[in-house]
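Quick note on the numbering used here: the sequence shown kicks off at -12 and runs consecutively. Encoded as structure tokens, the structure appears first; notes follow it.
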Amino acid sequence: MRSADRATALREFEERLLSPEGRASPTLIDQLLGDDFVEIGSSGDTFGKREALELLAEEARDGHMYDRATSDWSIRALTADVALVTYKVVRRDSTEGSAAASHRSSIWQFRDGRWQMVFHQGTRVLSP
């Protein structure tokens, strides 16, 4: 896969996972997260794919309206089938009128004919 095509695909996958529709879709999440997925959340807690599915389902039911804006994208090949994606996201909660920002990093691996996220970390930024 050409590096430009890889970058386009991985950014699209990340943005789908950030969208309200994507976060509310267990099918999409199951498809894009590897079974061995690990996340270190902005809270410092570590969890796997099953917990991620539960947390995202809970978020979809919390009654809040979230908007996420991204910037500072970088997509770098680590090997032919592994890539590191980094970016910043500002999440606005229009229900409460609050905003929070974080730096995100994900490791994606191409396996079984598709890209899957195997690691993700969110680190809070003091001001959005």
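Using N, Cα and C, we set each Cβ at its ideal position, and we do this for glycine too.
Taking C-beta separations shorter than 8 Å and ignoring five residues to either side along the sequence, A(-9) has no partners in its chain. When only Cα atoms are considered, H90 and G28 end up about 11 Å apart. Take R55, set aside five residues on each side of it, and the residues of its chain with a beta-carbon closer than 6 Å to its own are L5, V76, R78, in chain order. Taking a 10 Å sphere around the C-beta of S81, we find fewer than 16 other C-beta atoms and assign the residue as exposed. With distances taken between CA atoms, K36 lies nearest to M104 out of S61, M104, R98, A64. With fewer than 16 other beta carbons inside 10 angstroms of its own, S58 counts as exposed.
Nearest to G109 by C-alpha distance, out of T(-5), F97, D23, E1, is E1. Listed in chain order, the alpha helix (DSSP H) runs fully inside the segment -10 to 24 are -10 to 5, 7 to 10, 13 to 19, counting runs of at least 4 residues. In the DSSP assignment, no residue is bridged to E45.
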